[in-house]
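**Student:** Shown below is the structure under consideration.
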Amino acid sequence: MSKARQYKTSHLKKLFALSGNNCAMPNCSRSLVSKDGNTVIGKICHIEAASELGPRWNIDMTEDERRDFKNLILMCSEHHDEIDDKANIKKYTTSVLKTMKEDHESGNRIMPFEVKEEHIEQVYNQLDEILDIVKISHKDIQIVKSQNDEMFNLIKEIHIATTGNISAIDKEKMATLIGENFDWVDSNKMQAFQKILANYNKTILDRREKFIFSQKITRSLFEISVLEDISKAWSKDSWNPENLDHLRFIQGGIMAYNCLEQIPKEIINDFKMLNWGPIHHGYFDGYLGSFISEIKLKMKLNINLVDAYRNDRYLFENLNRIFISLQGYLKFDVNDLYVEKEEALIIKKLPRNFLLLNSSNKITIRKTTDFDFVLASLPLNKLFRVIKTEVIRNKDKVVIFGFYGGECFYWNPEEDITSKVLYKSEENEKITNMFCESMISGKIECYVQIKNKLVHFIDFKENETIFFEKKLDLIKSGKKFIGVNIQLYNKKDVIIYSINENFKIKPILKWGDLWEKVRADENVKSWIEINKSDDEILNHINDLNNLSVQKLNYDKKDLYLIKGTIFNANVLVIIEISEEIVEYHNIILLKKSRTITIDSQYNSNVLELCCGYLDLNRKDSVFEYIKITNLDKVESITINKERNGDLNCRDVFQICFGATDTIYLNEEGNKLYKYSFSKNEFFLCSTEENEKINGIEYIN
């Protein structure tokens, strides 16, 4: 037995005494010693693992440190197993368990539990029993280890083989180890193979290499031609499943699903982030897996599968989706997912003002006076849309941050020939926002949001992970945040929350209060009167809805623009939040259409808004320019662009202020226009063919 389990008697006594005879898991009331005081029923857990294969293993610890009192915690059997379960490793980290131990033991120091000598003896006896079991099982373990080593070496051979030599893999050897055809479906050998394969995958760090290898190993088990044959059989008999080879179809479906399950999780996560992919969406949400689970349950109950599913067209249709998904994965070109990074075009010194264009091909920095002049560019993976970019000036340098669903990155266009990864999402995670700024100290601070989690970075190094109570859209406000909830169902629902330094949330503005204020406005009243219906349900549906909130650039104040829809027209509400009190400044009804994009700028007591129109009525109107003086007087004009017989949709996806006198409009994601106020004229900016425009920003 390892020294890490050879506990000191003094440590065991202290451990039991400070346990209070209770499991250390918060809110667990289970005892560690039976009510009669005679039997130890609790278990000793290592915070950092006793052995290399255990959870939270720390290679830098000595054996004495592993068996030390500080590394031990007492729990009931259920919670002992729970914290050591691989599925919970991220939940029960070393720091979480250390805090749990400290909180639990500190509450029992005044009245410690009375520890008896027989309790300590029982712990030692349990350790002796474990040692006996290990000795008895040693021979069996060696046999299994030998078989596993052989399988591991075979997997290694497949890894070394090139894609072109996949047919040269010793399939007889593979068949000997795990069986032939479909007879190894859900067998013990298959489970052993899956475990060894997962362990081997961990040895491959490069995702591109891991993708190629996982394809190789799956092809060695499941020929693409077999998948094609099964799919052809389904195409032929989809309306008459009685003619199918039912057992082959069902067992093949289980096998194909098992193969999909062997794709490394990080690659599956990358597939989920794609705009399109080879794997059916029903796999990601577990829908296809539910059919496999049902079949396996019936197999355990010895139900005849052919009789059960002979005419079940819906089952075979979903099994075919599994076959098509696996077939698509096996045919997928690694270069379509993991593109070799092209070098960026960098510039020695950026000008103070420039345009930042985020497109499907690259991020480019361009001259404000000549859009066609590219100062610097960062090539992108075309399959991932960069959702947001932010530009930070720090110590006379410019750093550009960006993210798509699976990765947050940064790039210095004056130095870096490739971007660098700040945060890579975990399995089933999707990045929803990021917030970056230069601190007074000169360091760069960045928050990456994943649902109700924030990962905090300082100078590109992870500092802490913060969880908040509700899933909210966050807006950075100085050193704090506000939270926006757009999932509204009744007047009591809260739209805006304040979030303090400890990330506790407090309601600020309810939907019902906002609606009462908006419909009291004279312009809104007139609009409702014109459009209201005799049908109360229709009127209710057209209450203030489709809400969004954004921060406005306004001097040193934080103002917020709430956008909502009433009878297919947008109303804009400008508010200020001070000491958790809401002050209303303006309520503006857009004149000609609705908008999904609004930009703002502030200069000398004048707040300017530009709102890009949706092309709902196929009119000439393109955007509305709104000028607000001293947060009081509101003037607005609608800017038109002649259609000249063009009946194509002209939705403005994004609008932004440029240099003096200039507005930029991203139309339908495939055309970029510059508008000059002084000339009252639109100019088409040149972009690459088939280049999708995701955003443009003027940096000054």
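Using my numbering, you'd call the opening residue of the sequence shown number 552 and step up by one each time.
By construction, the Cβ of each residue, glycine as well, lies at the ideal position given by its N, Cα and C atoms.
Since the model is a prediction, treat every value here as computed from it, not as a measurement.
Could you tell me if the beta carbon of I873 falls within a distance shorter than 7 Å of some heavy atom in the ligand COA?
**Tutor:** The model depicted lacks the ligand COA and carries no ligand whatsoever.
**Student:** Are the stretch 954 to 961 and the stretch 971 to 979 in contact at 8 Å, needing three or more beta carbon pairs?
**Tutor:** Short answer: they touch.
**Student:** Mind checking which residues open and close the alpha helix (DSSP H) that includes V1075?
**Tutor:** It spans 1073 to 1082 - the alpha helix (DSSP H) in which V1075 sits, taken as one unbroken run.
**Student:** Would R1194 be called buried (16 or more neighbouring beta carbons within 10 Å of its own) or exposed?
**Tutor:** Per the 10 Å Cβ criterion, exposed.
**Student:** Please state the DSSP three-state secondary structure of V890.
**Tutor:** Residue state, collapsed to three classes: coil.
**Student:** Could you give the distance in angstroms between the alpha-carbon of D1024 and the alpha-carbon of N862?
**Tutor:** Each residue's alpha carbon lies about 47 Å from the other.
**Student:** Does T644 come out as helix, strand or coil in the three-state DSSP assignment?
**Tutor:** In this structure, T644 counts as coil in the three-state DSSP scheme.
**Student:** Can you tell me which residues form a DSSP beta bridge with R799?
**Tutor:** None; R799 has no bridge partner.
**Student:** If you count every other CB in all the chains shown that lies within 10 Å of the CB of V1157, and 16 or more means buried, which is it?
**Tutor:** It counts as exposed.
**Student:** To the nearest angstrom, how far is the alpha carbon of S688 from that of N639?
**Tutor:** With a pLDDT of 38 at S688, under the threshold of 50, the modelled position of that residue is not reliable, and no figure is offered here.
**Student:** Alpha carbons only, please: which of N659, I634, S570 is nearest the one belonging to V647?
**Tutor:** With distances taken between Cα atoms, V647 lies closest to I634.
**Student:** In whole angstroms, give me the CA-to-CA distance for D1106 and D1197.
**Tutor:** Roughly 41 Å between the two C-alpha positions.
**Student:** So, for E1131: in the same chain, excluding its five sequence neighbours on each side, which residues have a beta-carbon less than 8 Å away from its beta-carbon?
**Tutor:** Contacts found: S1049, K1057, I1059.
**Student:** Taking the CB atoms as reference points, tell me whether T754 and Q813 lie closer together than 8 Å.
**Tutor:** Not in contact: T754 and Q813 (Cβ atoms no closer than 8 Å).
**Student:** Between the alpha carbons of I684 and V857, how many angstroms are there, rounded?
**Tutor:** Bear in mind that the predicted position of I684 carries a pLDDT of just 39, short of 50, making it unreliable; the figure below should be weighed with that in mind. Cα to Cα, I684 sits roughly 43 Å from V857.
**Student:** So, using beta-carbon positions, are V591 and N572 closer together than 8 Å?
**Tutor:** The answer is no: Cβ separation not under 8 Å.
**Student:** G1115: which of I1001, W1066, I1214, N1191 sits nearest, CA to CA?
**Tutor:** The shortest Cα separation from G1115 among I1001, W1066, I1214, N1191 belongs to W1066.
**Student:** Restricting to runs no shorter than 3 residues, where is the beta strand (DSSP E) found entirely within the stretch 1095 to 1161?
**Tutor:** Qualifying beta strand (DSSP E) stretches, in chain order: 1096 to 1105, 1108 to 1117, 1120 to 1129, 1132 to 1140, 1146 to 1154.
**Student:** Taking the continuous beta strand (DSSP E) assigned at K823, which residues delimit it?
**Tutor:** Where K823 is concerned, there is no enclosing beta strand (DSSP E), although the alpha helix (DSSP H) it sits in stretches over 816 to 824.
**Student:** Keeping to the same chain, check which residues put their C-beta closer than 7 Å to that of V666; ignore five residues upstream and five downstream.
**Tutor:** Answer for V666: K564, F567, A568, listed in chain order.
**Student:** Counting only runs of 3+ residues fully inside the stretch 1153 to 1232, write out the beta strand (DSSP E) ranges in chain order.
**Tutor:** With a minimum length of 3 residues, the continuous beta strand (DSSP E) runs that stay inside the stretch 1153 to 1232 are 1157 to 1164, 1172 to 1180, 1184 to 1191, 1203 to 1208, 1213 to 1218, 1222 to 1227.
**Student:** Output the boundary residues of the beta strand (DSSP E) element that contains T919.
**Tutor:** Premise fails: T919 is in no beta strand (DSSP E) and is neither H nor E.
**Student:** What residue does the beta strand (DSSP E) around G1029 start on, and which one ends it?
**Tutor:** From DSSP, G1029 is part of no beta strand (DSSP E); its letter is neither H nor E.
**Student:** Distance check for W608 and L870, CA to CA, integer angstroms please.
**Tutor:** Looking at the two C-alpha atoms, the distance is approximately 40 Å.
**Student:** If you draw a straight line from the alpha carbon of S580 to that of T560, how long is it in whole angstroms?
**Tutor:** Cα to Cα, the separation comes out at about 26 Å.
**Student:** Taking its Cβ as the centre, do 16 or more other Cβ atoms sit within 10 Å of P606, making it buried, or is it exposed?
**Tutor:** By the neighbour-count rule (16 or more Cβ atoms within 10 Å), P606 is buried.
**Student:** State yes or no: is the C-beta of Q1101 within less than 8 Å of the C-beta of I1147?
**Tutor:** Taking 8 Å as the Cβ cut-off, Q1101 and I1147 do not qualify as a contacting pair.
**Student:** Apart from the five residues on each side of it in sequence, which residues of its chain come closer than 6 Å, Cβ to Cβ, to P829?
**Tutor:** So the list reads G879, Y880, F883, once near-sequence residues are dropped.
**Student:** Helix, strand or coil, according to DSSP, for G953 in the structure here?
**Tutor:** Correct three-state label for G953: strand.
**Student:** Taking the beta carbon of D821 as the centre, do at least 16 other beta carbons fall within 10 Å, making it buried, or is it exposed?
**Tutor:** D821 is buried by the Cβ-count criterion.
**Student:** What first and last residue would you give for the alpha helix (DSSP H) that runs through V999?
**Tutor:** First-last for V999: 995 to 1001, but that is the beta strand (DSSP E), not the alpha helix (DSSP H).
**Student:** Compute the Euclidean distance between the alpha carbons of D654 and S570, then round it to the nearest angstrom.
**Tutor:** D654 and S570: Cα-Cα distance of roughly 11 Å.
**Student:** Helix, strand or coil: which one does DSSP assign to W1066?
**Tutor:** Helix at W1066.
**Student:** Consult DSSP for Y974 and reduce its assignment to one of helix, strand or coil.
**Tutor:** Strand.
**Student:** With I1179 and N1137 assumed to form a contact (beta carbons below 8 Å), what rounded beta-carbon distance in angstroms separates them?
**Tutor:** Yes, they are in contact, since the Cβ atoms of I1179 and N1137 sit about 6 Å apart, within 8 Å.
**Student:** By DSSP, does N871 sit in helix, in strand, or in coil?
**Tutor:** Here N871 sits in helix by DSSP.
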